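To keep things clear, I will list the structure first and then write my remarks on it.
Number of protein chains: 2
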Amino acid sequence: MPKSASEPAVRPSLTRERIVLAAIELVEREGEDALSMRAVAAELGVAVMSLYNHVPNKADLLSGVAQHVVAGMGLPDDSADDWKTRARALIWAFRRAAHDYPECINIVLTHSVDFPVGMRPAERALAIADAAGFDGATSVRIMRAMLAYALGAQMREIGAVKMLNDLPPDPSTLFAQLDPAEFPHVTALATELTEHDPETDFEFGLELLISALDALPRRS
Amino acid sequence: MPKSASEPAVRPSLTRERIVLAAIELVEREGEDALSMRAVAAELGVAVMSLYNHVPNKADLLSGVAQHVVAGMGLPDDSADDWKTRARALIWAFRRAAHDYPECINIVLTHSVDFPVGMRPAERALAIADAAGFDGATSVRIMRAMLAYALGAQMREIGAVKMLNDLPPDPSTLFAQLDPAEFPHVTALATELTEHDPETDFEFGLELLISALDALPRRS
DNA sequence: ACCTGAACACCGTTCAAGT
DNA sequence: ACCTGAACACCGTTCAAGT
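Protein sequence lines, in the order shown, are assigned to chains V and X.
Whatever position you read off the first sequence (first residue = 1), add 3 for the numbering used here.
Whatever position you read off the second sequence (first residue = 1), add 3 for the numbering used here.
Here is the structure:
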């Protein structure tokens with residue numbers, strides 16, 4: 004019985020990569036709370052402790068998930084383009100990744116990603132700001148501000164951040180309970196607050212920031 | 004032995020409020036991970052299950068924490084002021100709350116707050132946008148964009164969001180490991196990326212957004 | 001080198017028993 | 001009405017035993 008190619012690898016050997024992928028599938032299918040070492044092991048048909056031969060602990064597994072998603076982020080760029088279109092492309096790439104892994108995105112945002120893959124988006128952002136004519140210190144600040152906006156918008160949209168979220172179980176009845184004297188604007192804008200298109204909202208804020216950058220003084 | 008005022012209430016009766024306060028103290032002192040029902044009970048010198056007479060479950064306790072912090076947010080406002088100064092005051096009030104409860108802020112952001120207290124900041128934001136001359140739909144979008152920025156900046160600063168965070172254990176050595184050919188801008192801006200003042204960064208993005216709003220067409 | 005079961009020290013929560 | 005201990009069904013992880 005030679006171990007030739009005719010023998011199908013029914014049970015591929017356990018690797019860190021397979022464990023990370025199983026974790027991602029599990030989270031996307033059953034939600035973040037369903038992620039336990041035991042559940043991942045069951046997903047792979049393996050004993051819990053086998054995982055620890057390839058992953059030091061759960062926190063490191065979560066970092067692996069973050070790493071995988073960030074590494075998979077498509078960062079298309081054409082340096083011949085206008086800096087504004089390049090900036091839009093970068094931010095939308097981040098948003099696309101967030102939409103590809105809606106359940107994982109909270110894990111991705113809250114765990115550090117190893118060098119150098121974690122620095123790729125930063126390098127791109129700084130390159131674009133440089134091309135736009137901003138000095139180094141300003142470029143760094145711009146990168147942080149854009150990132151802060153993209154992060155916050157995404158977390159709010161996903162529902163990871165619930166603060167000021169305007170979608171209670173039954174919006175209409177709850178808004179009706181508000182005292183119009185104390186909340187005149189909220190009650191007047193009840194429909195605008197409950198019905199909204201996330202894409203348009205995201206774009207609105209993004210364009211706000213880009214137009215502000217465009218008005219900033221810069222060299223050349 | 005009449006229960007007069009001379010008899011000090013050595014052990015004040017358990018209430019939801021006291022439980023929430025104990026949870027907040029515990030989190031601020033020992034971090035978010037230290038928050039367990041058992042630990043809160045120990046904090047109050049009470050059996051674990053006693054908590055359940057006043058709080059249905061842990062998730063509700065966390066919502067109570069969020070509720071308490073948001074309710075305590077000072078929202079000073081003078082409607083006679085310029086809308087720009089009013090907007091700045093509102094955003095900085097949010098930031099101040101985040102700094103008063105640095106360890107709790109993640110809980111606050113990720114748990115829904117009951118009506119009507121959760122709507123107070125929204126009402127304020129919409130009132131200011133209205134005063135600035137924006138129509139209802141635009142006001143809602145502005146509120147969301149400003150909130151997204153404030154949220155993202157805060158979570159990044161606190162370290163709750165680690166993505167693109169530029170503070171590895173030993174920055175200098177790690178940046179040195181990066182290939183300058185692949186990361187020319189990151190390596191060139193190593194010092195700007197590692198040394199930064201959070202206040203100035205926050206203000207930079209905030210003023211960016213406000214100046215963009217100022218340039219937007221509006222009535223009156 | 002890799003896998004595994006038993007065990008430990010934790011969780012949140014149900015239940016039945018107390019007052 | 002409020003408190004409580006025991007118990008249940010979970011966790012992540014250590015350890016010693018297997019191959």
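In this text, a Cβ means the ideal position worked out from N, Cα and C, and glycines have one as well.
This structure is a prediction, so every number in the text was calculated from the model and none was measured.
Is any beta-carbon of chain X found at less than 9 Å from that of residue i?
i	result
M40/V	no
M52/V	no
R159/V	yes
T203/V	yes
H57/V	no
G77/V	no
S142/V	yes
D182/V	yes
S7/V	The predicted model places S7/V with a pLDDT of 39, which falls under 50 and marks its position as unreliable; any figure quoted below should be read in that light. Cβ-Cβ to chain X under 9 Å: no for S7/V.
S249/V	Since the first residue shown for chain V is 4 and the last is 223, residue 249/V is missing from the structure and cannot be characterised.
M4/V	For M4/V, the predicted structure reports a pLDDT of 39, less than 50, and the residue's modelled location is therefore unreliable. A value from the coordinates is still provided. Judged by the 9 Å Cβ criterion, M4/V is not in contact with chain X.
V43/V	no
V30/V	no
R147/V	yes
E20/V	no
L219/V	yes
T113/V	yes
L177/V	yes
My output table needs one value for residue i: the three-state DSSP class, helix, strand or coil.
i	result
N2/X	Past the boundaries of the shown model lies residue 2/X; chain X is included only from 4 to 223, so the question cannot be answered.
P187/X	helix
E206/V	helix
S39/V	coil
G155/V	helix
D217/V	helix
S142/X	helix
M4/V	Residue placement at M4/V is poorly supported in this model, since its pLDDT is 39, which falls under 50; the coordinates are not used for a value here.
L192/X	coil
P119/X	coil
P15/X	coil
T211/X	Note on identity: in this sequence residue 211/X is Leu, with Thr being the wrong assignment. L211/X: helix per DSSP, three-state reduction.
L181/V	coil
R147/X	helix
Please look up how many angstroms separate the CB atoms of residue i and residue j, rounded, as I've assumed it's under 8 Å.
i	j	result
V164/V	A125/X	So it is not a contact: roughly 14 Å between Cβ atoms.
L17/X	L29/X	The pair is not a contact, with the Cβ atoms about 15 Å apart (cut-off 8 Å).
L212/V	L211/X	6 Å
I94/X	A101/X	So it is not a contact: roughly 11 Å between Cβ atoms.
P105/V	I161/V	6 Å
R89/X	D80/X	6 Å
I22/V	V72/V	The Cβ separation is near 15 Å, so there is no contact.
M122/X	F137/V	In fact, because the Cβ distance is near 38 Å, the residues do not count as touching under 8 Å.
R77/X	E195/V	A small fix is needed here, since residue 77/X is Gly in this sequence, not Arg. At roughly 27 Å, the Cβ-Cβ gap does not stay under 8 Å, so G77/X and E195/V are not in contact.
Excluding the 5 residues flanking residue i on each side, which residues of the same chain have their C-beta closer than 7 Å to its C-beta?
i	result
S142/V	L129, A132, D133
M40/V	V51, L54, K61
H86/X	It is Trp, not His, that sits at residue 86/X in the sequence shown. Once the five neighbours on either side are set aside, the close Cβ partners of W86/X are I131, A134, A135.
A44/V	A50, V51, S53, L54
S9/X	Low confidence applies to S9/X: its pLDDT is 38, below 50, so where it sits in the model is not reliable enough to give any reading.
For the alpha helix (DSSP H) holding residue i, just list the boundary residues, first then last.
i	result
F97/X	86 to 103
H114/V	Neither: H114/V is in no alpha helix (DSSP H) and is coded neither H nor E.
H71/X	61 to 74
D133/V	123 to 135
G162/X	No alpha helix (DSSP H) contains G162/X, which DSSP labels as neither H nor E.
A26/V	19 to 33
L47/X	Looking at the DSSP string, L47/X is not in any alpha helix (DSSP H), and its letter there is neither H nor E.
A83/V	Segment: none, A83/V is in no alpha helix (DSSP H) and carries neither H nor E.
Measuring only between beta-carbons, confirm whether residue i sits less than 9 Å from chain V.
i	result
V120/X	no
H228/X	Nothing about residue 228/X can be reported from this structure: the residues present for chain X run from 4 to 223 only.
Y104/X	no
F137/X	no
H199/X	yes
E10/X	Residue placement at E10/X is poorly supported in this model, since its pLDDT is 42, which falls under 50; the coordinates are not used for a value here.
A92/X	no
E35/X	no
V23/X	no
A83/X	no
Could you pull out every residue in the same chain whose Cβ sits closer than 6 Å to the Cβ of residue i, ignoring the five residues on either side in sequence?
i	result
A74/V	V120
A12/V	Any reading at A12/V must be qualified, since the residue scores a pLDDT of 48, below 50, and its modelled position is unreliable; no value is offered.
L47/X	A25
R205/X	Note that residue 205/X is Phe in the sequence shown, not Arg. Closer than 6 Å at the Cβ level, and outside the excluded window around F205/X, lie A156.
F97/X	A153
Here's a check: name, in chain order, each residue in its chain whose Cβ is nearer than 8 Å to the Cβ of residue i, leaving out the five neighbours to either side.
i	result
G208/X	Y152, A156
G34/X	E106
N56/V	L17
V68/V	V23, A26, I27, V30, C107, I110, V111, H114
Would the beta-carbon of residue i be found less than 8 Å away from any heavy atom of the ligand GTP?
i	result
T203/X	Annotation note on the ligand GTP: not contained in the displayed structure, which lists no ligands.
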